[in-house]
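Novice:
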Amino acid sequence: MTTLENRPRTALLVIDVQNDVVAAAYERDTVVANIADLVDRARQEQVPVVWVRHSDDELVLGSAGWQIVPELVPAEGEAIVEKLFRDSFEATTLETELAELAVGRLVVCGAQTDFCVRSTLHGALARGYDALLVSDAHTTEDLTAWGAPAPAQVIAHTNMYWSTQRAPGRTAGTSETKSVDFAAAS
């Protein structure tokens, strides 16, 4: 269980599901639909939903490409964390938001698998959080032209290694969308 004291709650962390980030993403529509299902279920179960939104020189703050995809609409009062680095905790308000919500366990989904999703998972575990990756609710674009494996392989590899990730006093793992239990420890 989490090593963070007095943090019994779980939150759904939705990372960078922005127009330009997922425009050419592998199985984009299926992944976005799975994330929408997770968001709906979290809200029904009164689990906090925390949104993360990236910006940089190519993803300009406030631009159309920077916006969260139209299929996903943050509800009033849900935290939106702005970030500049891959790890959603680095130089952001994420830790403060999670502390205020008494969250010690994260259910993680979003984009891109091989950049911000992986960095945030590792950042969470290193900071004392339990971190569950939703295996069919994260995606990446095709970067094979730069030497990366095909997107399906990147996603499969990330799911494989995160399914056995561990740290003292913390848990990690994976679950399909349909099997996510927001109440259970991973």
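In this note's numbering, the protein residues as written are 1000 to 1185.
Just so you know, even glycine gets a beta-carbon here, dropped at the ideal spot from N, CA and C.
1) For V1030, count neighbouring Cβ atoms within 10 angstroms of its own Cβ and tell me buried if that reaches 16, exposed if not.
2) Which of the three DSSP states, helix, strand or coil, is assigned to L1124?
3) W1145 to A1023, Cα distance in whole Å?
4) Going along the chain, which residues of its own chain have a beta-carbon closer than 8 Å to the beta-carbon of E1038, five neighbours each way excluded?
5) Do the segment 1077-1088 and the segment 1112-1124 meet, that is, are 3 or more Cβ pairs less than 8 Å apart?
6) Do you know whose CA, among A1123, R1042, T1091 and L1097, lies nearest E1075's CA?
7) Comparing C-alpha positions only, which one of T1173, R1052, E1081 and V1051 sits nearest to A1130?
8) To the nearest angstrom, report how far apart E1140 and V1133 are at their CA atoms.
9) Taking the straight line between their C-alpha atoms, what separation do you get for P1150 and T1138?
10) Does the segment 1162-1172 come into contact with the segment 1057-1064, if we say contact requires no fewer than three beta-carbon pairs (one atom in each stretch) closer than 8 Å?
11) Quick check on D1019: does DSSP put it in helix, strand or coil?
12) In angstroms, rounded to a whole number, what distance separates the CA positions of R1126 and A1101?
13) Which stretch, first to last residue, makes up the beta strand (DSSP E) that contains W1161?
14) With DSSP as the reference, identify every bridge partner of T1009, one or two as the case may be.
Specialist: Walking through what the data contain:
1) Position 31 of the sequence shown, counted from the first residue, corresponds to residue 1030. Per the 10 Å Cβ criterion, buried.
2) Reading the sequence shown from its first residue, position 125 is the one you call residue 1124. Looking at L1124 - three-state DSSP - the assignment turns out to be helix.
3) Here the question's residue 1145 lines up with position 146 in the sequence shown. Here the question's residue 1023 lines up with position 24 in the sequence shown. Roughly 16 Å between the two C-alpha positions.
4) Your numbering for residue 1038 matches position 39 in the sequence shown. Per the sequence shown, residue 1038 should be read as Val rather than Glu. Correct list, in chain order: L1011, V1013, V1048 and L1071.
5) yes
6) Locating residue 1075 in the sequence shown gives position 76, where the first residue counts as 1. Nearest of A1123, R1042, T1091 and L1097 to E1075, Cα basis: R1042.
7) Mapped onto the sequence shown, residue 1130 falls at position 131. Ranking the options by Cα distance to A1130, first place goes to T1173.
8) In the sequence shown, residue 1140 corresponds to position 141, counting from 1. In the sequence shown, residue 1133 corresponds to position 134, counting from 1. Cα to Cα, the separation comes out at about 18 Å.
9) For the purposes of this step, residue 1150 is taken as residue 151 along the sequence shown, with counting starting at 1. For the purposes of this step, residue 1138 is taken as residue 139 along the sequence shown, with counting starting at 1. If you take the alpha carbons of P1150 and T1138, they lie about 8 Å apart.
10) no
11) Walking along the sequence shown from the start, residue 1019 turns up at place 20. Helix at D1019.
12) Here residue 1126 corresponds to residue number 127 of the sequence shown, with the count starting at 1. Here residue 1101 corresponds to residue number 102 of the sequence shown, with the count starting at 1. When rounded, the distance between both Cα atoms is 14 Å.
13) On the sequence shown, residue 1161 is found 162 positions in, with the first residue counted as 1. Taken as a continuous stretch (DSSP letters only), W1161 belongs to no beta strand (DSSP E), being part of the alpha helix (DSSP H) at P1150 to S1162.
14) As a position in the sequence shown, residue 1009 is number 10, starting the count at 1. DSSP lists R1104 as partners of T1009.
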